[in-house]
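The letter at position 196 of the sequence shown is residue 176 when you use our numbering, and the numbering goes up by one with no holes. Yeah, the Cβ is synthetic: ideal placement off N, Cα and C, and Gly gets one too.
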Amino acid sequence: MDLWIDIQIHKWIYAGWIVMYAISLFLLFKNRNNWDIKIKKVITLIGLSILLFICPLTVKLLYGRILPGYGEYERLSWLFFSVPVISYTLVKILDGLRKRQRIKGAIAFIVFCLVLGASPLFTRTYKATENINKVPDYVIEVSNVITEDSGCYDGQLYGVRQVAKDDKGKWIKPKVLIQLDEAYNKHAGDDFKYGIRQYSSALVLSEVVIPSTTYNSSSFELTKYANLLNYEYFVCTNNTYLRQQAEKYGFELLDEAGDYVVYKNTKELTLYFVRHGQTEANVKGVFAGSKTDTKLTSKGIADVKKTGEALADIRFDTAFASELTRTNDTAKLILDTNKNEKPTISKMANLNDIYAGQLEGLSKDEVMEKYPDFSEDKYYGTISDSKFVSPVGATSKYTMVNKYKSALLSAISKTPNNGNVLIVGHGGFSWMLKTLFPDEISESELPDNASITVIKYNKGKYEMEAYNTDASQFKEIEQ
């Protein structure tokens, strides 16, 4: 059973080794007459070496009992392919000796192998034979804290833990940020990072390397290195300033494991994204990006007021809009209708519309006349194309997605826990939402003017409650 578990864990690597060895031994035995020694002796020695170093049962009994703490049956796997050569050489040497000398030589070889197998000079030290993943204790502690809290494992199959699934049938794989300082990263970072990855295959790991001289300062800002709000868990050095940063962004302490601490994201809030109302540019079919300001039409104003009425009972703790007139006017109209205390509207440059380059201010007819091959993908790129350069100097969709993500995380960080945030922006905001909900939103599906999209931020995860709904539809959903 142990061998079966090990084969599963290591993606059938051992199965490949066993097949290769079987073929090699068969060919060796088939051509035995071409050798100048008794090939049976070589095969016997090969079998003995496999028994000593590879067989899980033997190693558990031998190393696990006689040398407790060193029972890792994969420790000398790096010598696996050299065994036949060593065996042949040893047989050649022993064949030239007398019987007593051969016995002494064989005993010396076995003792040497045992010492080699137990020596920390050649292998790493692990505590228990039962630790089939062979990772240090503090790594196991960190991993267990996260996996138990998140519930990402659901029972075992043949001794191997199975990744749990949510209501939609998707694997539960919490996102974890691991902080390493430079010195630790050089010496033991791989043990820690890859140890957690190996022991907790259900976790999605990211790492951030921060010099200890940097985070040992009261002026330290973690956002310069990574945004915690993208993650559900944060594992960091047990340092005052790192802990302060985690708690600043709504993370609570789960456990202390050696030199490390484990934090959990506890922040929850609801985001209401509203696209600005209809504008004069919308009516005229003009490419109005971030460099083209335009006002709401009378219809746009009326539609926004209806949207405001639909949102009237929601108490907004914060409100954000782009720097353009159309979004600020929309935000003011929505809040004017609200029945609760009204927050100040904060302007965000990262919420601005896409810059259309040479297309700014042109009508659709003018664009098609001047650029007959026009399409969004050719002139703005796709949301995943990081190297795209627009032929008309426009901002790429990829760049806009990153700006909108930054704006979203900024809005979340500035909104109190369990609060509500109003974000008034542009149609391109849906490109960013597409990256969060790839199965629910089409890249070409822009939200309508004055439409409402509702997103729940739940401890580092996003859940969509409504997308591109008008005022009447939203009221039905709320009821």
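Pick from A86, S343 and G175 that is closest to D117, judged by C-alpha positions:
Locating residue 117 in the sequence shown gives position 137, counting from the first residue. Nearest C-alpha to D117: G175.
Between which two residues does the alpha helix (DSSP H) harbouring Q159 extend?
Working through the sequence shown from its first residue, we reach residue 159 at position 179. Membership of Q159 in any alpha helix (DSSP H) is not indicated; the residue belongs instead to the beta strand (DSSP E) covering K155 to L160.
Beta-carbon proximity list for K279, same chain, < 7 Å, skipping 5 on both sides
Indexing the sequence shown from 1 puts residue 279 at position 299. Here K279 has Q258 as same chain residues with Cβ atoms under 7 Å from its own Cβ, once five neighbours each way along the sequence are excluded.
To the nearest angstrom, how far is the alpha carbon of T379 from that of E303?
In the sequence shown, the residue the question calls residue 379 occupies position 399. In the sequence shown, the residue the question calls residue 303 occupies position 323. Roughly 18 Å between the two C-alpha positions.
Looking at G288 and I314, is the spacing between their C-beta atoms short of 8 Å?
Your numbering for residue 314 matches position 334 in the sequence shown. Your numbering for residue 288 matches position 308 in the sequence shown. Between I314 and G288, the CB-CB gap stays under 8 Å.
DSSP state of I432 mapped onto helix, strand, coil:
For the purposes of this step, residue 432 is taken as the residue at position 452 of the sequence shown. Correct three-state label for I432: strand.
Of all the options D147, S386, G149 and G399, which has the alpha carbon lying nearest to the alpha carbon of Y252?
Reading the sequence shown from its first residue, position 272 is the one you call residue 252. Nearest option by C-alpha distance: G399.
I'd like the list of long-range same chain contacts for F454, defined as Cβ closer than 7 Å, with 5 residues on each side in sequence excluded.
In the sequence shown, residue 454 corresponds to position 474, counting from 1. Taken in chain order, the residues that qualify are A290, I432 and A446.
Cβ contact (3+ pairs, closer than 8 Å) linking the segment 217 to 227 and the segment 362 to 377:
Inter-segment contact for the segment 217 to 227 and the segment 362 to 377 is absent: fewer than three beta-carbon pairs are separated by less than 8 Å.
Close beta carbons around S452, own chain, < 7 Å, minus the five adjacent residues each side:
Taking the sequence shown and counting its residues from 1, one reaches residue 452 at position 472. Correct list: empty, nothing qualifies.
Rounded distance between the beta-carbons of K173 and L157, thought under 8 Å:
Position 177 of the sequence shown, counted from the start, is the residue given in the question as residue 157. Position 193 of the sequence shown, counted from the start, is the residue given in the question as residue 173. 11 Å between Cβ atoms; not a contact.
Give the secondary structure of Y118 by DSSP, where H, G and I count as helix, E and B as strand, and everything else as coil.
For the purposes of this step, residue 118 is identified with residue 138 of the sequence shown, where counting begins at 1. DSSP places Y118 in helix when its eight states are reduced to three.
For L233, is the classification buried or exposed, using 16 other Cβ atoms within 10 angstroms of its Cβ as the cut-off for buried?
The residue you call residue 233 lines up with position 253 of the sequence shown. For L233, the number of other beta carbons within 10 angstroms of its own is below 16, and it is reported as exposed.
For T449, report the span of its beta strand (DSSP E) as first-last.
Mapped onto the sequence shown, residue 449 falls at position 469. For T449, the enclosing beta strand (DSSP E) covers residues K441 to T449.
Looking at the unbroken alpha helix (DSSP H) that takes in L331, where does it start and where does it end?
For the purposes of this step, residue 331 is identified with residue 351 of the sequence shown, where counting begins at 1. Counting along the chain, no alpha helix (DSSP H) covers L331, and no H or E run does either.
At which residues does the beta strand (DSSP E) containing N400 begin and terminate?
Numbered from 1 along the sequence shown, position 420 holds the residue referred to as residue 400. That run of the beta strand (DSSP E) goes N400 to G405.
Whose CA, out of Y211, I83, G135 and I87, lies closest to the CA of I392?
Residue 392 sits at position 412 when you count from the first residue of the sequence shown. Comparing Cα-Cα distances from I392 to each of Y211, I83, G135 and I87, the minimum goes to Y211.
At a cut of 8 Å, does the segment 326 to 337 reach the segment 254 to 270 through at least three beta carbon pairs?
Three or more pairs of CB atoms, one per stretch, sit closer than 8 Å, so the segment 326 to 337 contacts the segment 254 to 270.
Here's the rule: buried if 16 or more other CB atoms are within 10 angstroms of the residue's CB, otherwise exposed. What is G214?
Translated into the one-based positions of the sequence shown, residue 214 becomes position 234. Looking at the sequence provided, one finds Phe at residue 214 rather than Gly. The residue in question, F214, is buried, as its Cβ has 16 or more Cβ neighbours within 10 Å.
Ordered along the chain, which non-local residues of its own chain (more than five positions away) have a Cβ less than 8 Å from that of K439?
Against the sequence shown, residue 439 aligns to sequence position 459. Excluding sequence neighbours, K439 sits near E212, K244, N245, T246, K247 and E248.
Got a sec, what are the start and stop residues for the alpha helix (DSSP H) F409 sits in?
For the purposes of this step, residue 409 is taken as residue 429 along the sequence shown, with counting starting at 1. Under the DSSP assignment, F409 falls in the alpha helix (DSSP H) whose first and last residues are F409 to L416.
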